[in-house]
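Visitor:
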Amino acid sequence: MRATVLQKHLCGLEGVVMSLDVSAGLPAPVAEWVDPFELMADPYPSYKRLRELGPVVFAPSMDRYLITRYDAVRDVLNDASLFSSHSFDEGPLVQALGGRSMVSKDDPDHATERGAINPTMRPRSMKEVWSPKFTQAVETWIDHMLEIGPEEADLNRDFAGPVASQNLIDLLGFPPDTDVNDMRRWSTDLVAGIGNVVDDQDIWRRVARTTAEVDAVLDDLLRRLKHKPDHSIISHLQQVGLPEDLVRANVRLTISGGMNEPQHMVTNMVWSLSQYPDQRAAARAGDVTWGAVFEETVRWLSPIQADGRRSTQEVNLHGSLIPENSDLFILLASANRDEAVYSDGDSFDINRNAPSHFGFGGGVHLCAGKYAARTAIGETAIPKLYERLPGLAIDESRKSSWDGFVFRGLVTCPVTW
Amino acid sequence: MSSITYIGVDGSSETIEATPGASVMRAAISNGVRGIIGECGGQAMCATCHVYVETSLDILPGIGEDEEEMLECTAAPRKASSRLSCQLRTDDFESITVQLPDRQV
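Going down the list, the sequences are from chains A and B.
Heads up: take any position in the first sequence, counting from 1, add 10, and you land on my numbering.
Heads up: take any position in the second sequence, counting from 1, add 71, and you land on my numbering.
1) Are Val104 of chain A and Pro70 of chain A touching if we call contact CB-CB under 8 Å?
2) Do you know how far the Cα of Asp187 of chain A is from the Cα of Ala202 of chain A?
3) Would you call the segment 266-280 of chain A and the segment 403-423 of chain A touching, i.e. three or more CB-CB distances under 8 Å?
4) The segment 96-112 of chain B: which residues have C-beta closer than 8 Å to a C-beta of chain A, in chain order?
5) Under 8 Å, do Asp317 of chain A and Gly379 of chain A count as touching if we go by C-beta distance?
6) Report back the beta-carbon spacing between Glu334 of chain A and Ser321 of chain A to the nearest angstrom; my notes put them in contact at under 8 Å.
7) Comparing C-alpha positions only, which one of A:Val148, A:Phe184, A:Glu162, A:Gly183 sits nearest to Gly171 of chain A?
8) Drop a sphere of 10 angstroms on the beta-carbon of Phe184 of chain A, count the other beta-carbons inside from all chains shown, and report buried for 16 or more, exposed for fewer.
9) Grouping DSSP H, G and I as helix and E and B as strand, with all else coil, what is Asn88 of chain A?
10) Is the Cβ of Gln114 of chain B closer than 8 Å to any Cβ of chain A?
11) Would you mind reading off the limits of the beta strand (DSSP E) that contains Ile340 of chain A?
12) My output table needs one value for Glu389 of chain A: the three-state DSSP class, helix, strand or coil.
13) With 16 as the cutoff for other CB atoms within 10 Å, does Gln289 of chain A come out buried or exposed?
14) Can you round the beta-carbon distance between Leu181 of chain A and Ile243 of chain A to whole angstroms, since I take them to be within the 8 Å contact cut?
15) Label Ile130 of chain B either buried or exposed according to how many other C-beta atoms from any shown protein chain fall within 10 Å of its C-beta, with 16 as the threshold for buried.
16) Could you spell out the range, first to last residue, of the alpha helix (DSSP H) harbouring Val276 of chain A?
17) Drop a sphere of 10 angstroms on the beta-carbon of Val66 of chain A, count the other beta-carbons inside from all chains shown, and report buried for 16 or more, exposed for fewer.
18) Count the C-beta pairs between the segment 80-89 of chain B and the segment 72-79 of chain A that are closer than 8 Å, then say yes if the count reaches three, no if not.
19) Who are the near neighbours of Met11 of chain A in its chain, counting only those whose CB is closer than 8 Å to its CB and skipping five residues on each side?
20) Which residues in the same chain as Arg219 of chain A place their Cβ atom closer than 8 Å to its Cβ, once the five residues preceding and following it in sequence are excluded?
21) Measuring straight from C-alpha to C-alpha, what distance separates Cys21 of chain A and Tyr123 of chain B?
22) Span of the beta strand (DSSP E) holding Ala69 of chain A?
23) Against chain B, which members of the segment 367-379 of chain A pass a CB distance test of less than 7 Å?
24) Buried or exposed: Thr237 of chain A, going by 16 or more other Cβ atoms within 10 Å of its Cβ?
25) Looking at the structure shown, is Gly419 of chain A part of a helix, part of a strand, or coil, going by DSSP?
26) At 4 residues or longer, and completely inside the segment 291-335 of chain A: list those alpha helix (DSSP H) runs for me, N to C.
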């Protein structure tokens with residue numbers, strides 16, 4: 011038997027204790043019906059069913075404990091000692107990135123790497139250093155959309171993808187002449203690698219090719235930045251003195267993690283405002299800030315639906331027992347619809363005055379790109395789109411399609427104006 | 072052990088004996104004190120652990136560059152007594168009293 015210090019965490023709304031007092035816990039309910047393919051098609055009905063079952067539900071199909079409700083999600087995110095990001099096995103996340111990047115570490119190691127990039131990712135840096143670049147990319151690709159025209163344009167293919175790609179090139183510090191299509195391909199390949207639980211060899215081949223191409227760029231870039239550091243993410247990673255293999259792993263992490271999300275936020279915002287034209291009018295009139303519209307969209311349609319953790323001890327979480335060394339999925343997008351916190355949470359409401367959402371995660375791994383996304387998409391891309399394409403709306407005569415569980419968004423997003 | 076007194080918006084107060092090395096933010100979260108979110112886990116990246124310090128500010132370490140920037144982003148108005156509670160550690164004081172703001176987001 012191991013002596014442990016009993017830690018009591020009072021959990022706000024429900025008033026239930028999270029503790030190491032496992033004698034008081036019950037096995038978590040088991041949901042045999044959870045179907046990953048259904049989650050990829052539309053996860054929200056499953057989330058609702060799961061929340062009704064309990065704050066902790068075991069899903070055999072995924073071999074994971076799913077954390078479903080707001081309070082439990084908050085408590086897991088806030089306790090990195092009980093719920094670790096350091097996986098023991100070198101699964102696809104570590105394999106695809108060629109090393110253990112900051113997302114697979116706990117503090118203090120995580121803090122060293124994450125602390126390196128925080129300064130360039132804060133609001134003032136976004137405003138003073140990056141905003142002009144974001145504006146430039148947006149104007150360029152709106153020009154492109156205008157050329158495609160309102161009968162053929164796809165917001166995802168023709169604007170969101172290239173803009174997200176260009177912003178990533180700029181933030182990382184890649185050469186300005188890097189092709190947006192290359193950055194997009196690198197990101198797609200690395201994301202495929204991260205998700206490659208079935209060990210598809212064709213995906214590993216794509217990862218290998220992308221890694222070689224990105225490494226070639228870094229060979230030159232790292233050499234140059236040593237003598238001429240700048241504001242870029244890569245420069246910051248290098249300046250803090252990380253070994254080169256860790257710099258490269260974190261660059262690959264940023265490429266994989268910094269593309270889909272801002273891309274999906276563009277289409278998510280235009281989608282949401284099309285479904286709710288009164289709110290679109292209010293946003294365009296300035297009745298509500300674009301920042302508030304952005305945050306409500308992140309809540310309602312979260313580009314990253316879930317985040318993984320590993321339990322380091324047996325834990326009684328809100329009455330359910332989670333065994334030691336279990337894999338968890340924190341269902342961020344489910345917490346963001348929790349009826350106990352958000353009244354009519356399945357509706358989009360830019361006037362909602364409600365507790366903060368978990369779309370960017372929480373705790374020390376809170377998304378480093380949070381202010382980049384808010385500035386680049388919420389406060390630059392979307393207002394500019396409506397300014398230059400005033401009638402911008404989803405084109406109902408063509409097909410929009412959603413896809414994805416952990417990474418979710420509009421694959422096709424036909425628009426007109 | 073250092074003691075931290077949190078005064079809620081409604082005037083109610085709660086005193087915690089904090090573990091050595093903990094921050095005022097972390098002690099609030101660990102002890103279920105409402106009114107501090109600490110979204111970023113203490114990296115001065117969110118400004119949701121904002122407090123108004125009621126006891127002496129002089130004994131506390133000065134406001135660094137990162138904290139200064141984020142104090143400009145608080146939801147509740149910034150006052151002379153404003154600090155991010157993730158930057159205040161028990162090593163810095165024997166006892167402290169903080170007033171919680173009416174909103175963190």
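Here a beta-carbon is modelled for each residue, glycine too, at the ideal position from N, C-alpha and C.
Guide: Once the coordinates are examined:
1) The answer is no: Cβ separation not under 8 Å.
2) Cα to Cα, the separation comes out at about 25 Å.
3) Of all C-beta pairs linking the segment 266-280 of chain A to the segment 403-423 of chain A, three or more are shorter than 8 Å, placing the two stretches in contact.
4) If you check each beta-carbon in the segment 96-112 of chain B against every beta-carbon of chain A, the ones closer than 8 Å belong to Ile100, Ser101, Asn102, Gly103, Arg105, Ile108, Gly109, Glu110, Cys111, Gly112.
5) Annotated as distal: Asp317 of chain A and Gly379 of chain A, with beta-carbon spacing of 8 Å or more.
6) Contact annotation, Glu334 of chain A with Ser321 of chain A: C-beta distance approximately 6 Å; criterion of less than 8 Å satisfied.
7) It is A:Val148.
8) By the neighbour-count definition (other C-beta atoms within 10 Å, threshold 16), Phe184 of chain A is a buried residue.
9) The three-state secondary structure of Asn88 of chain A, taken from DSSP, is helix.
10) Taking CB atoms only, Gln114 of chain B has a neighbour in chain A less than 8 Å away.
11) Where Ile340 of chain A is concerned, the enclosing beta strand (DSSP E) stretches over 337-340.
12) Residue state, collapsed to three classes: helix.
13) Burial check for Gln289 of chain A: the Cβ neighbour count within 10 Å reaches 16 or more, so the residue is buried.
14) Right, their Cβ atoms sit about 6 Å apart.
15) With a threshold of 16 other beta carbon atoms within 10 Å, Ile130 of chain B falls short and is exposed.
16) 270-285 is the extent of the alpha helix (DSSP H) around Val276 of chain A.
17) By the neighbour-count criterion, in which a residue is buried when 16 or more other Cβ atoms sit within 10 angstroms of its Cβ, Val66 of chain A is buried.
18) Segments in contact, no.
19) Here Met11 of chain A scores only 30 on pLDDT, less than 50, and its place in the model should not be relied on; the value that follows carries that caveat. Exclusion of the five residues before and after Met11 of chain A leaves no residue of its chain whose Cβ lies closer than 8 Å to its Cβ.
20) Excluding residues within five positions, the ones whose Cβ falls inside 8 Å are Asp199.
21) Legend: pLDDT at Cys21 of chain A = 34, less than 50; position of this residue unreliable, no value from coordinates given.
22) Per DSSP, the unbroken beta strand (DSSP E) holding Ala69 of chain A starts and ends at 66-69.
23) Hits within the stretch, in order: Gly372, Gly373, Val374, Leu376.
24) Looking at the sequence shown, residue 237 of chain A is not Thr but His. Residue environment for His237 of chain A: exposed (fewer than 16 other C-beta atoms within 10 angstroms of its C-beta).
25) In the structure shown, Gly419 of chain A adopts extended strand secondary structure according to DSSP, grouped into three states.
26) Uninterrupted alpha helix (DSSP H) stretches at least 4 residues long and entirely within the segment 291-335 of chain A occur at 300-310, given in chain order.
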